[in-house]
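S.K.: Protein chains in written order, with the numbering used here: chain Z, 1 to 358; chain A, 359 to 716; chain S, 717 to 1074; chain L, 1075 to 1432.
Shown next, in the form of structure tokens:
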């Protein structure tokens, strides 16, 4: 039985506690938070869990195998690095750190102490994203032309990070996972209306090699809750609408066909293909359960997590580049030129899809 | 009875012919096109209309009062300028010209010959946009924070202009009309997948003074037909979904309220307002009929069209700036610094809303 | 070239005129109506068509081959029977007559004079219904369990017939076509709110042999326009939503599986199958054009129309039974026991699907 | 602190246990079920709750004030009557009993022993139904013309009751509550496909005095989950779509206006009103919590529950009449003539709306 300590039990922490408790191979033994009210709340739900206001009661406890960090982003590095140095396996919520250099340091510490480091890119563990990955890998969509993602809502303002740092990690991590490619150029633009220090509306653009492009639109100020990603390929198109309760993915047999040969401009005509739409059945497991179960697998079998420190790092590299562009009204930033980039490629071996059981 | 000649009867021209014919104050007497098949098609529908392959048969006919131009964009200037010099009133499809300097010249010619020049920004004449304008002017939405527009579809590739020049004029003209403001900074990014010379997917961003921002997303390669504009204000939010057959506008009584006074950061909490949604009834007149009727009004009563040459010019100025940014991966372009800008302000008197009868 | 005379040019007549005009094998030469305003309207659209207030100018004209009847229901029999006696081929709008005995007489006259008699069950000629028929015939849905149809809207009150006679013929004709079965028992219930003589809201139930059942809900008083038919089979389920502009049909791979063997009640468990949903591509031809083209085919090649007099008769038999039940608050009526029923079976040979080209 | 015993912890029982536990004025002390697995499950969730396989451990415990019954319908009467005789307050899941005579007996027992009897018509306690009641009582809809309800889904087959007894109690109780009227005539029709003894698809019709009519369509065999009730009034129309996560109610300012005076049939024209649609904000409290809190209120303050024994009885009277009609293919049944009807009117004083705090 792996023993878990959780640092931070605000909005998301209780979900970690619940899932680590439900999993048969792990048990939460201690939870730390600075807010006594939250600790009492947890105590009410899980009387056998110990609570503390001092995170060191977790870090220093030799009984604890795993430290899960669900605190504000700027504290991730402190807690995660200390936990790794104390030879704990570490699970950190997204984004993994507040800077790329911090993420690189965590990777190095995990390597040095031979412990597992995993970032909570939870969407990767949803049945819908696994299905999308499977469809894209099968070649059914053809070459990917572009990806367009919207993550809009009213609310959930963060006070220490802007809307891109808050919402875009979901989309960035999904897109990197789907494409197995890193972007070359990043640009971002947005403004703030409620809290002048924090952009609450923004668009992030990632250009990849060839003409592949991805747009991510984020907002804390939208009347409708929209979570929609469109993937346009040369053969078919796919829409992932995460707000739908069951019909989350649609595959459109639609496209444009360019004629092979034509003699003159006047002869040139595109032909459009309009075919069936398929809405594949998607299972409904809780992604956080799948994610934490995978983490336990990796610890027990000494395997690399699907969303390891590198995955966390790449997302933060893109966020940093976006931040720089955001301060310059969309001016493009070449990835890897502006920020710490000891680890820039996606060349490390990703675990295979089939290692995940959903 | 005002006599009309129409140059160009491809995709849109027949709609101009039909509406000028139905209007009781105008009559189409001659149509020009280079394609004999199109001319025969028109002849079949309107046996009394004369057809010609030489546009000069229209320009030079002293009987003709109005010349309507519905040809490819790069030819707009040639036909419109010659028609103005021949002392015709001129109606040109959007975008008014292929460059700002051409649009300025048309404005000057219209002034010199005292003829009316109008651009076919048809959306301005829809009941839905008129309703939005009315709502925004009433102050119901409060200060406008941002506008987000999507115009996506599969198809309708143009061969002489890219997706921004093809689709964004609709959104730009609506946004300028709603805000009565010109943007200060433009950026745009996109790529081409089908025809390497023409971007088929792009995002255009317009920053205005204060923190007002507008995004326009355009695509010829999307599985769903989406035509949606969200206007977020400090008091309420509005969504215009033009794909809906009847429920085109929704007004959300939603928003974020910032506390007036608070002593410390810890005390700071936003409050969210979630109220009713109203779907106002929208009438369904054909906008092109309203638009051309307004044009006849302006000619007969010597008034300025709601979408006059200046309106056409401002849209082209933005398109030109977007084009420059597009070639530089989103690098921001300050409006008026890069292109011909004798006429830059929106300070000329716009006709009032109530001069339009819908 | 077949020469057509049209009696009645109110709401639907102009559509008949337009399509008979567009078809290359037919030409409308004369139109009759009692309303001079309507005749002038037609004259404006089709200057070469003659107009008359005396329908006998059509019936008695030896040049005319086809008479199309689009008048109020209670006059269908008079015009259609006189036209058949004058040896014209006859096309009658739905419902074919106001009583089953009238319909039988028309069938007999068509037989006697060897002329084609066709009823305007236009929905049979839509791509969507043809697709449904194809899917059902293929066995993909398994045994049909039940059909549920809703045809609701605000408006279009008829003054000589109630909502069942007005709207249900569409659903009845589709259901008979899909199932190739006649119901055994009919019941109907409804009330009137606006015009006390005419039910404006009603539900019609048709029971077939086995446990097959079909519900048809009709209303002139509903806030949303709903035109939806659900077909539930033992293997799959299908929804036809005619209000959708493109995605009209959805096939659900869903169902209930009953265990083959179980020893006790306690062991008994259903299992549910939740699979993919498919939205097949549907073509968009105008069904009235397809229908009238088929009528011309039948005349020229001496074939039986898909929606011939028998088809018209069966729909009227069901409407009459429904009317009787309606007056008795849903009391069931056995089809064929209450009304004229010389022709009760569906045993005459229906033309095959492949004789229709859509 | 009121002490609660719960009989039955299958599908719904755990929700009762959870809510009685959360309420500050009640506590669950013992739970009975015949299934040891279920009892262990409850023990796992609530270690302090006693479990038993003998329901008499609850009935005979003098400490227990309230008995809640969530067992199969045919056992409701046995458990509820014994509990009342043991002077407990009794909460019974819907439908209150398997026959009207049983329900009458329960009413008599509650009166005799001066204990509260309440039935779990939970929908009455939803914010949406409270909002509908408020709108209808305000007169905003005008006179109610008809109500159309659909409750369709795939699954949840019951083995001791058919689809009408399973699903229609929700709609019947809502409709009685909204209208404060009992129907005069009931008819029902349906068939069974999976289990030949139990109808799985059915339509129930209730006629009221005047021309008010209500349809309830129920199915265990539908591809989409539909829970929709349309209320059409003489002034406005309302749709309650319970599947929508937030936009549950829409009020349509639509209708038909009949001209006051007209001289001849030919002059007669309806006019249609098409106005705005309003989607009022609805709060999201858990209805079962509100319901049980109201039950505790009634016990403590000696008041009549909104959904008391009479409410339970009226629903069962309608279900019994429907059952009789169902066996006779929709033959209408006059309410009160076929079944036990000592209590037939709705004349007892209903608690006022404002006694409920949602």
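Cβ atoms here follow ideal geometry from the backbone N, Cα and C, with glycine treated the same way. Because the structure is a prediction, the values reported are computed rather than measured.
Classify residue 1347 of chain L as helix, strand or coil using the three-state DSSP reduction.
M.R.: Mapped onto the fourth chain, residue 1347 of chain L falls at position 273. Correct three-state label for residue 1347 of chain L: strand.
S.K.: Measure the C-alpha to C-alpha separation of residue 719 of chain S and residue 782 of chain S and round it to an integer number of angstroms.
M.R.: As a first step, residue 719 of chain S is located in the third chain; it is residue number 3 there, counting from the start. As a first step, residue 782 of chain S is located in the third chain; it is residue number 66 there, counting from the start. In a straight line, the C-alpha of residue 719 of chain S is about 6 Å away from that of residue 782 of chain S.
S.K.: Specify whether the segment 864 to 875 of chain S and the segment 937 to 946 of chain S touch according to this definition: at least 3 beta carbon pairs, one from each stretch, less than 8 Å apart.
M.R.: yes
S.K.: What's the gap between the Cα of residue 1035 of chain S and the Cα of residue 880 of chain S?
M.R.: For this step, residue 1035 of chain S is matched to residue 319 along the third chain. For this step, residue 880 of chain S is matched to residue 164 along the third chain. Each residue's alpha carbon lies about 7 Å from the other.
S.K.: Say whether chain S places a C-beta atom closer than 8 Å to the C-beta of residue 126 of chain Z.
M.R.: Here residue 126 of chain Z corresponds to residue number 126 of the first chain, with the count starting at 1. Not closer than 8 Å to any Cβ of chain S, the Cβ of residue 126 of chain Z fails to qualify, so no.
S.K.: Can you tell me whether DSSP reads residue 564 of chain A as helix, strand or coil?
M.R.: Locating residue 564 of chain A in the second chain gives position 206, where the first residue counts as 1. DSSP places residue 564 of chain A in strand when its eight states are reduced to three.
S.K.: I'd like the list of long-range same chain contacts for residue 606 of chain A, defined as Cβ closer than 7 Å, with 5 residues on each side in sequence excluded.
M.R.: Here residue 606 of chain A refers to the residue found at position 248 of the second chain. Counting only Cβ-Cβ distances below 7 Å, and skipping sequence neighbours, we find 486, 598, 599, 600 and 640.
S.K.: Around the C-beta of residue 1403 of chain L, are 16 or more other C-beta atoms found within 10 angstroms, so that it is buried, or is it exposed?
M.R.: Taking the first residue of the fourth chain as 1, we reach residue 1403 of chain L at position 329. Buried: at least 16 other Cβ atoms inside 10 Å.
S.K.: Counting only beta-carbon atoms, is residue 75 of chain Z nearer than 8 Å to chain A?
M.R.: Here the question's residue 75 of chain Z lines up with position 75 in the first chain. Judged by the 8 Å Cβ criterion, residue 75 of chain Z is not in contact with chain A.
S.K.: Is DSSP giving residue 488 of chain A helix, strand or coil here?
M.R.: As a working mapping, residue 488 of chain A is identified with position 130 in the second chain. Three-state result, residue 488 of chain A: helix.
S.K.: Under the rule that 16 or more other beta-carbon atoms within 10 Å means buried, what is residue 801 of chain S, buried or exposed?
M.R.: Working through the third chain from its first residue, we reach residue 801 of chain S at position 85. Exposed is the call here.
S.K.: Report all residues from its chain with a CB closer than 6 Å to the CB of residue 1365 of chain L; omit the five preceding and five following residues, and keep chain order.
M.R.: Translated into positions along the fourth chain, residue 1365 of chain L becomes position 291. 1196 and 1199.
S.K.: Taking a contact to mean a Cβ-Cβ separation below 8 Å, would you say residue 198 of chain Z touches residue 162 of chain Z in this structure?
M.R.: If you number the first chain from 1, residue 198 of chain Z lands on position 198. If you number the first chain from 1, residue 162 of chain Z lands on position 162. Their beta carbons are under 8 Å apart, which means residue 198 of chain Z touches residue 162 of chain Z by this criterion.
S.K.: Do the segment 305 to 317 of chain Z and the segment 101 to 119 of chain Z make contact, defined as three or more Cβ pairs closer than 8 Å?
M.R.: Look at the beta carbons and you see the segment 305 to 317 of chain Z touching the segment 101 to 119 of chain Z: at least three pairs across the two are nearer than 8 Å.
S.K.: Per DSSP, residue 718 of chain S forms a beta bridge with which residues?
M.R.: To locate residue 718 of chain S, count along the third chain from 1; it is residue 2. Paired residues: S:742.
S.K.: Would you say residue 533 of chain A reaches chain L, if we count a Cβ-Cβ gap shorter than 8 Å as a contact?
M.R.: In the second chain, the residue the question calls residue 533 of chain A occupies position 175. Interface residue (Cβ-Cβ distance to chain L less than 8 Å): residue 533 of chain A is not classified as such.
S.K.: Would residue 989 of chain S and residue 858 of chain S be called neighbours here (beta carbons separated by less than 8 Å)?
M.R.: Residue 989 of chain S sits at position 273 when you count from the first residue of the third chain. Residue 858 of chain S sits at position 142 when you count from the first residue of the third chain. No. Outside cutoff.
S.K.: Between residue 254 of chain Z and chain A, is the shortest Cβ-Cβ distance under 8 Å, so that the two count as touching?
M.R.: Your numbering for residue 254 of chain Z matches position 254 in the first chain. Residue 254 of chain Z belongs to the set of residues whose beta carbon lies under 8 Å from a beta carbon in chain A.
S.K.: Can you look up residue 17 of chain Z in the DSSP assignment and give me helix, strand or coil?
M.R.: Mapped onto the first chain, residue 17 of chain Z falls at position 17. It is helical.
S.K.: With DSSP as the reference, label residue 146 of chain Z as helix, strand or coil.
M.R.: Within the first chain, numbered from 1, the residue matching residue 146 of chain Z stands at position 146. Strand at residue 146 of chain Z.
S.K.: Closer than 7 Å by beta-carbon distance: list the chain S residues that pair up with residue 1354 of chain L, in chain order.
M.R.: Locating residue 1354 of chain L in the fourth chain gives position 280, where the first residue counts as 1. Simply none; closest approach about 15 Å.
S.K.: Just list the residues that DSSP pairs residue 593 of chain A with in beta bridges.
M.R.: Indexing the second chain from 1 puts residue 593 of chain A at position 235. BP columns for residue 593 of chain A are empty, so no partner.
S.K.: Keeping to the same chain, check which residues put their C-beta closer than 7 Å to that of residue 105 of chain Z; ignore five residues upstream and five downstream.
M.R.: Sequence index remark: in the first chain, residue 105 of chain Z carries index 105 (1-based). The residues are 81.
S.K.: Please state if the CB of residue 193 of chain Z and the CB of residue 221 of chain Z are separated by a distance shorter than 8 Å.
M.R.: Numbered from its first residue, the first chain carries residue 221 of chain Z at position 221. Numbered from its first residue, the first chain carries residue 193 of chain Z at position 193. Cβ distance < 8 Å, so residue 221 of chain Z and residue 193 of chain Z count as in contact.
S.K.: How would you list, in chain order, the residues of chain S whose beta-carbon sits under 7 Å from the beta-carbon of residue 275 of chain Z?
M.R.: Here residue 275 of chain Z refers to the residue found at position 275 when the first chain is read from its first residue. The contacting residues are 997.
S.K.: The beta strand (DSSP E) spanning residue 68 of chain Z covers which residue range?
M.R.: Locating residue 68 of chain Z in the first chain gives position 68, where the first residue counts as 1. Note, residue 68 of chain Z: beta strand (DSSP E), 66 to 69.
S.K.: Under DSSP, the beta strand (DSSP E) around residue 614 of chain A begins and ends at which residues?
M.R.: By one-based count along the second chain, residue 614 of chain A stands at place 256. It spans 607 to 615 - the beta strand (DSSP E) in which residue 614 of chain A sits, taken as one unbroken run.
S.K.: Does any C-beta atom of chain S lie closer than 8 Å to the C-beta of residue 264 of chain Z?
M.R.: In the first chain, residue 264 of chain Z corresponds to position 264, counting from 1. Residue placement at residue 264 of chain Z is poorly supported in this model, since its pLDDT is 47, which falls under 50; the coordinates still yield a value, given next. Using a CB distance cut-off of 8 Å, residue 264 of chain Z does not count as an interface residue toward chain S.
S.K.: Buried or exposed for residue 155 of chain Z, going by 16 or more other Cβ atoms inside 10 Å?
M.R.: Your numbering for residue 155 of chain Z matches position 155 in the first chain. Within 10 angstroms of the beta-carbon of residue 155 of chain Z lie fewer than 16 other beta-carbons, which makes it exposed.
S.K.: In this structure, does DSSP put residue 153 of chain Z in helix, strand or coil?
M.R.: Taking the first chain and counting its residues from 1, one reaches residue 153 of chain Z at position 153. In this structure, residue 153 of chain Z counts as strand in the three-state DSSP scheme.
S.K.: For a minimum of 3 consecutive residues, which ranges assigned as the beta strand (DSSP E) are wholly contained in the segment 625 to 695 of chain A?
M.R.: 629 to 637
S.K.: Which two residues bound the contiguous alpha helix (DSSP H) that contains residue 879 of chain S?
M.R.: For the purposes of this step, residue 879 of chain S is identified with residue 163 of the third chain, where counting begins at 1. Run containing residue 879 of chain S: 879 to 895, per the alpha helix (DSSP H) assignment.
S.K.: Could you list which residues in chain S have their beta carbon closer than 9 Å to that of residue 377 of chain Z, in chain order?
M.R.: Because chain Z spans 1 through 358 in this model, residue 377 of chain Z falls outside it and cannot be assessed.
S.K.: Are residue 55 of chain Z and residue 17 of chain Z close, meaning C-beta to C-beta below 8 Å?
M.R.: In the first chain, residue 55 of chain Z corresponds to position 55, counting from 1. In the first chain, residue 17 of chain Z corresponds to position 17, counting from 1. In this structure, residue 17 of chain Z does not lie closer than 8 Å to residue 55 of chain Z by Cβ.
S.K.: So, is residue 447 of chain A buried or exposed, given that buried needs 16 or more other C-beta atoms within 10 angstroms?
M.R.: Residue mapping note: residue 447 of chain A aligns to position 89 of the second chain, counting from 1. Residue 447 of chain A is buried by the Cβ-count criterion.
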